[in-house]
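Everything on this sheet refers to the single structure shown next.
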Amino acid sequence: MDVYEGLEGEKVLNLSRLNLDNLDLDDVGEERKRDTQQLFLVYNRFIMLPGSICHFSNLVFLDISCNRLAFICEDILRLSKLKTLVAKNNRLDEFSLPKDFGTMSLEVLNFSGNRFEEFPSEFLNLQRLQSLSLGGNRLKSIPAEIEQLTSGSKVLVYHGFRPECATKLYMQITVQLALQFSLMCNVILRHFSLIIQTQTDFTKLKHAALHILELLYLGGNSITSIPPELANLPYLSYLVLCDNRIQSIPPQLAQMNSLRSLSLHNNLLTYLPREILSLFQLQELSLRGNPLVVRFVKDMTYDPPSLLELAGRTVKSRNLPYKPEDLPGNLVRYLDLASKCPNPKCGGVYFDSCVRHIKFVDFCGKYRLPLMHYLCSPECSSPCSSNPQSDADSEDESSVPAHRMQKVLLG
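What follows is the structure, encoded as structure tokens:
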């Protein structure tokens, strides 16, 4: 068992490919245990993470991939400095983790190639997590609670705030407003007194590290839908959802202003929401292996509007005046749900009955993506070509740079 220096000077202990089924440390000196920061146990025969792992008190990186690992013992909780845990290609599932696994200070977690059928709730409590990889498992859904991984962002509110500035601000406000707004000043007094009393807490928050999820890899599962709550990860830069069974993309993803790479290839997508054009930071969009427009055209149906909808359209389109007291409450609420037809030549509205329409829109230069639009009726002429497929085919693809084609469509 040789110890050698890592690329950046870390002490590394490599015990890979030794056919180990237990971790006997009798031949490892105390100093070596204390100095080891990276430990590799790849390609062995471990069924359970050995409890002796806790003797590496300064361990920062642990890779126990490609074993027969089915359980992770509670002794891992004693590794208070562990930042990266890699356990790819094992037999782990949602019952393999210790109860308090979410209390660890992990920043990078890679459990790809295991047997997770549900998203482990313990992962949602990892407040410092920056990178999470669960590719190649058996996940069928993404929990809405995944938005909890942004709880560390609350520190941002206090970053750079100095309590002494609050004191000066309080004094200025008090001098200017005390005579005329005494009640308001009392509220301000209580508010800033609380800030001044918690000066120590603000100092700690100022120097606290801000850890927010930046990479989420869920490719190679059986996921069928994306929860809108995923958009509540505002600092996510890399999102990989390829090789799943996803049929649609929620328009809320347009709120992910930091997203730079979105991998959606090999799914069941027939269209993209037009809101995706709001992702100005997006540099890579992978769509290969999706049916896109073809299946959409075959399955397109239109349900005629009900009498209620026809009456509502008439009221809204002709701007017929009404007051809340003129109509029952349920009708007033219904009229408030009217959506305007996106065709500027129409000016109509719709409620429940609409026509789904594919429009090809330029994206990343000369590329044209099929985006979903909703029209109020089949007779509503679209501002784009009446034959969007032929319009897209007429694009001179030979003039598109090969590297751009690869980034946008091939991923």
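Reading the sequence shown from the start, the letters are residues 3 to 413 in the numbering used here. Each residue gets a CB set at the ideal place from its N, CA and C atoms; glycine is no exception.
Its Cα nearest to that of residue 77, the residue 59 stands out among 215, 285, 135, 59. Annotation: the continuous beta strand (DSSP E) that includes residue 286 extends over 286-288. Counting along the chain, the unbroken alpha helix (DSSP H) around residue 319 starts and ends at 309-319.
With contacts defined as CB atoms closer than 8 Å, residue 242 and residue 260 fail to qualify as a contacting pair.
Taking a 10 Å sphere around the C-beta of residue 122, we find 16 or more other C-beta atoms and assign the residue as buried. According to DSSP, residue pairing for residue 50 in a beta bridge involves 73. Per DSSP, residue 16 is one residue of the beta strand (DSSP E) stretching across 13-16. Ranking 65, 220, 238, 230 by CA distance to the CA of residue 254 puts 230 first.
Taking one beta carbon from each stretch, the segment 271-283 and the segment 306-316 have fewer than 3 pairs nearer than 8 Å; the two do not touch.
Taking a C-beta distance under 8 Å as the contact criterion, residue 248 and residue 226 qualify as a contact pair. Ranking 239, 332, 327 by CA distance to the CA of residue 286 puts 239 first. Non-local C-beta neighbours of residue 224 in its own chain, meaning closer than 7 Å and more than five positions away in sequence, comprise 140, 141, 142, 246, 247, ordered along the chain. With a contact defined as Cβ atoms closer than 8 Å, residue 270 and residue 293 qualify at about 7 Å. Membership of residue 110 in the beta strand (DSSP E) is indicated by the continuous run 110-112. In the assembly as shown, residue 31 is an exposed residue. Its beta-carbon has fewer than 16 other beta-carbons within 10 Å. Secondary structure at residue 341: strand, using DSSP grouped into helix, strand and coil. When 345, 341, 72 are compared, the shortest CA-CA separation from residue 353 is found for 341.
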